[in-house]
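Reviewing the structure listed below.
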Amino acid sequence: MPRIPIDWLADHVEVPSGLSAEQLAADLVKVGLEEEEIHRSEVTGPIVVGRVLTLEKNEQKNGKLINYCRVDVGEHNDAPGEGKEPSEFASRGIICGAHNFVEGDYVVVSLPGAVLPGNFAIAARKTYGHVSDGMICSKAELGLGEDHSGIIVLASSPEEAAERGIPAVGEDVLDYLGLAGEVLEINVTPDRGYCFAMRGVAREFSHSTGARFTDRGLEENLDAPLPVPNAEGFPVKVDDVAPIHGIPGCDRFVTRIVRGVDPLAASPTWMQDRLSAAGMRPISLAVDATNYVMLDLGQPLHAYDLDKLVAPIVVRRARDGETLVTLDEVARKLGGDDLLITDSEGGEGARVIGLAGTMGGLETEITASTTNVLIEAAHFDQVSVARMARKHKLPSEAAKRFERGVDPRIAAVAAQRVADILVEFGGGELDPANFDFNVTVDPKPQAFDVNEVARVAGLRLDKATIVGILRQIGCVVEDEGDGSVVSVTAPTWRPDLTGPAHFVEEVARLVGYDEMASKLPPVPAGAGLSPTQRHRRDISRTLAEQGWTEVLSYPFVSGETFAKQGIPDDDDRRLAIRLANPLQDESPYMRTSLLDSLLETARINVARGNPTVAIFEAGIVTNPAGIGSADNPGVGKRPSEEALAALRATIPSQPHHVAGVAIPMATQAAAGLSGQTWDWRDALEAVKSCARTIDLTLTAANAERAPFHPGRCAELSVGEVLIGHAGELDPRVCKAFDLPARSIAFEFDVDALTKARGHHPISVAAVRTNPVAKEDFALVVDETVTAAQVADVLAAAAGDLLEEIRLFDIYTGDQIAKGKKSLAYALRLRADYTLTAEDISQVRHRVIKAAKKAFGAELRA
């Protein structure tokens, strides 16, 4: 986010004396620029100008040489010594270990009570046999740089102090050093890219307050007219054979040449201070000049070592296999839509020297030996720069501005400003040869009905007011006749103004959103939640009521999670979509099962000491099996039905699932009460309860499916439709995810469940008040027969009188033949009348007969 030093803003717009960062924020928020943060100096006074009167060198026993100085600090001086005149000899005694100053030098003095960066408080203290009543400061101590080698020498004589505009001895020096002001950081929305510059923010301050604004981006406000482009300038060619959406990657490229720049010339102090306040580190004069003008006008620039270039520069798309080492010393592989700056070493456009609008190359950078500088000020396509910056993970300051839109008319002015700085402060000479490739197209006029302001924003404004506001923001408005329609041409720095709605927004913004009446729209009558929405909420509520806690996890997983779950290589769940630009490089895949991410969530809970983990998640999974491919139909017109059908075929299936994971410990032991535990039956019951909530009954069968235990996994179905799986986790999976042994899990497809249910209303059985009859059966069956199979047969035989069937015992042992087991069931029978002994006997007979016929079952004696 841009930072706005108030003194810098004042170069563009009149600001009232004493304007605070809080007031600036209040003024800017009126026009839609929100405050992000106010940065205040870490340095607080008193910090003043001092003049060294005497300097006494003292060598200590440890060999260290220190200076005991008497420093004149004006009104802050101590009382004069005996027999000395106050005006001539009053001073303060200060110990200083630096040796880069002499008597008579003007220095920066922190007096007792001052606070330096790092919350370092200055106080008088006795050291080296003297009382040091303050501190003479270096740049590092004031947070102005890394130089600890010596203190700041402001001037060496009164004449030099006057020439440099240094405050008088004893006066506050923070403002002169650029440390006194507050800096406002603002939040800029993507459509307001022009506010990434002082020029744009000053314009908005003018809109808010009516202060007089001077557009320093216009040629008329330069110190001298722009030179006319000529054939001797450093040439540029644009060879964009594959423009994105038909928009050329570069439509303007200005070059300026400055020769004989002193490579050791430092940036002026005021420029370094402003760059630091704006959040940029001063580097060298050439680099600082380009950064300064970018922050000032909004035009990104780049400086090359001219002697390392071979003409012409060519702007083109990347070829496969090309590489570039950028200024951050990273070797980058190029290709695709990358828009490159190249020169002609080895052939026209052969050598890559930069990523257009993003970052320059290391090979042609400005160094400590550079004397001849080529300045680049270009205008690049927003989409090309945005794609390239994201692909290479280079969110540079230049890219931030280009992808939001840069004024194409300002390139020549910005290049000239940089050239002037290099001439003035670097001793360079402006080469009369200059070049300007310019194929920019002026914004087209747009018809705008002023009545749209009332219709869209509810603001009742007359035509003259609306036209005045549009002209105020820089639009050219042609008002012909008495009609409501006017012709509006947006300014070049506002590429976001592309339709009537945008003009309405600008009018509303400048009038004030608080002037818009609040009116709630009527609420249309509706049917409420759809059946599918109700079912999903009912399922989540059912699980929560059973003690499961709902969580939300990221749908992005690593390839390792499939192996940790033991999913076979030929399983469809291994087929996952890989993201081209994942949030985390180690998790590039879209999950194909909720357990892919939920097991990791459970692991984190256990690792962080959660003693009772029982979590579930409701969300979508992505199954790309069977998807096709399609060509990009473009954005110029609506695609044909065939193209739309092809696009739909590329969309993977994304069913809604619910999954849960729980460790064995359900509740902790308490005084007098033992803790409760979960097992595979709780996972099975969780899914069955969800089905019963929406009036469905599931059947269970043995299954083998990762990540479940091979012998403790059930598949759950409605008829022939497979809904999901539940059971105990495989011990190897528990170990892989650091979960306790015998942890449980489930996952089922909610879409399949609700589809199997259909849209018939939920049936509610009548409440029967007649007495219940209970019958228990212990049936001996083969070990291969499942309890669920037997229960289904018994329930069918019992018929309508059956209210509940429950397995309460399983027995294998000496009293049962080998290969057999005893399953004991409790049946609850009830009717709308009192059951007779004969009714109960008939049910008993049918149940035993059906079990014998289906499984050869015998009653256990």
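Residue numbers for the sequence shown follow full-length UniProt numbering, beginning at 1 and rising by one.
Glycine included, every Cβ here is placed at the ideal spot set by N, Cα and C.
Quick caveat, the model's predicted, so the values are computed rather than measured.
| Check | Outcome |
| --- | --- |
| At least 3 beta-carbon pairs within less than 8 Å: the segment 9 to 27 vs the segment 205 to 215 | yes |
| C-alpha gap between residue 81 and residue 53, whole angstroms | Confidence at residue 81 is low in this model, with a pLDDT of 45, below 50, so the placement of that residue is unreliable and no value is reported for it. |
| For residue 106, three-class secondary structure by DSSP | strand |
| Proximity to residue 492 [Cα-Cα], best of 298, 565 and 330 | 298 |
| Per DSSP, the bridge partner or partners of residue 884 | The displayed coordinates of the chain run from 1 to 861. Any statement about residue 884 would go beyond what the structure contains. |
| C-alpha gap between residue 87 and residue 426, whole angstroms | Low confidence applies here, because residue 87 scores a pLDDT of 42, under 50, leaving its location unreliable and the question unanswered by this model. |
| Three-state secondary structure (DSSP) of residue 852 | helix |
| CB contact flag (residue 193, residue 133, <9 Å) | no |
| Cβ shell of residue 383 (< 6 Å), same chain only, five flanking positions each side left out | 244 |
| Inter-residue Cα distance where the pair is residue 731 and residue 280 | 55 Å |
| Residue 860 versus 548, 34 and 812, residue with shortest Cα-Cα distance | 812 |
| Residue closest to residue 105, alpha-carbon to alpha-carbon, out of 198, 127, 858 and 157 | 157 |
| One or two residues paired with residue 488 in a DSSP bridge | 446 and 477 |
| Where residue 76 falls, given that 16 or more other Cβ within 10 Å makes a residue buried | buried |
| DSSP-derived helix/strand/coil call for residue 326 | strand |
| contact_flag[the segment 169 to 187, the segment 365 to 380] where n(CB pairs < 8 Å) is 3 or more | no |
| Of the listed residues 205, 230 and 352, nearest to residue 867 (C-alpha basis) | Shown here, the chain extends from 1 to 861; a query on residue 867 therefore has no answer. |
| Residue 285 to residue 304 span [Cα, whole Å] | 13 Å |
| Buried or exposed by the 16-neighbour rule on C-beta atoms within 10 Å, applied to residue 83 | Residue placement at residue 83 cannot be trusted, given a pLDDT of 42 that sits under 50; what the coordinates show is reported in the next sentence. Its Cβ having fewer than 16 others within 10 Å, residue 83 is exposed. |
| Counted within 10 angstroms of its Cβ, other Cβ atoms place residue 876 as buried (16 or more) or exposed | Here the chain has residues from 1 to 861 only, and residue 876 is not among them. |
| Per-residue DSSP class, three states only, for residue 802 | strand |
| Nearest-angstrom beta carbon gap, residue 249 and residue 339 [assumed within contact, 8 Å] | 4 Å |
| Under the three-state DSSP convention, the category residue 596 falls into | helix |
| Exposure label - residue 270; buried when at least 16 CB within 10 Å | exposed |
| Cβ neighbour criterion (16 or more within 10 Å) applied to residue 434 | buried |
| Range covered by the alpha helix (DSSP H) that runs through residue 207 | 198 to 209 |
| Every unbroken alpha helix (DSSP H) within the segment 586 to 646, with a cutoff of 4 residues, ordered by chain | 595 to 607 |
| 8 Å contact criterion, which residue 739 and residue 602 should meet: CB distance rounded | 6 Å |
| Residue range of the alpha helix (DSSP H) that includes residue 542 | 531 to 545 |
| Cβ-Cβ separation, residue 256 to residue 372 (assumed contact under 8 Å), whole Å | Their Cβ separation, rounded to whole angstroms, is 12 Å, which puts residue 372 and residue 256 out of contact at 8 Å. |
| Whole-angstrom C-beta distance between residue 692 and residue 772, which should lie under 8 Å | With a Cβ gap of about 20 Å, residue 772 and residue 692 do not count as contacting. |
| Rounded straight-line distance, which links the Cα of residue 142 to that of residue 59 | 27 Å |
| C-alpha distance - residue 38 paired with residue 251, whole-angstrom precision | 38 Å |
| Endpoints, beta strand (DSSP E) assigned at residue 420 | It is not in any beta strand (DSSP E) - residue 420 instead sits in the alpha helix (DSSP H) that spans 411 to 426. |
| Between the CA atoms of residue 511 and residue 458 - distance to the nearest angstrom | 12 Å |
| C-beta contact flag for residue 410 and residue 217 at 9 Å | yes |
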